[in-house]
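Reading the sequence shown from the start, the letters are residues 1424 to 1532 in the working numbering.
All residues carry an ideal CB built from backbone N, CA and C; glycine is no exception.
Quick caveat, the model's predicted, so the values are computed rather than measured.
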Amino acid sequence: GYRTHMTGKWDAGMATWEHTPMGRGYETFFGYYHHAVDYWTQRLFDSPDVCGNLVDLWNTTGPARGRNGTAYVEEMFTENTLGVLEHHDPSEPLFLFHSFHLMHIPLQI
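#1: For glycine 1448, which residues in the same chain have their Cβ closer than 7 Å to its Cβ, ignoring the five residues on either side in sequence?
#2: Looking at the secondary structure, which residues open and close the alpha helix (DSSP H) in which histidine 1510 lies?
#3: Is it the case that the Cβ atoms of threonine 1504 and histidine 1521 are separated by a distance below 8 Å?
#4: Using only the alpha-carbon positions, how far apart do glycine 1431 and tyrosine 1462 sit?
Next up, the structure:
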């Protein structure tokens, strides 16, 4: 089988484990689940009254503690994807999905 890794925006469900990238077959995931986060803090962008000040940044099976607010989100995603490529054994097939956040609200480019 393929080695499978995902970086970036998921936005395809998170209600149960089966909805997450790992539930869909990815070995690793670094990104966010909601449809929009702040580029710099990774806090939920569009519903501060409902969700409070929640951070939506995950590293495979849990929160990416200590990573939010440390860099521009696309830089973190690019660094993660390049790290996957750097550590990948080229003798094994690879499926790598990088879902960009750029050109998405909030417009903070």
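In terms of the structure at hand:
#1: Thr1427
#2: 1496 to 1510
#3: Closer than 8 Å, so yes.
#4: 12 Å
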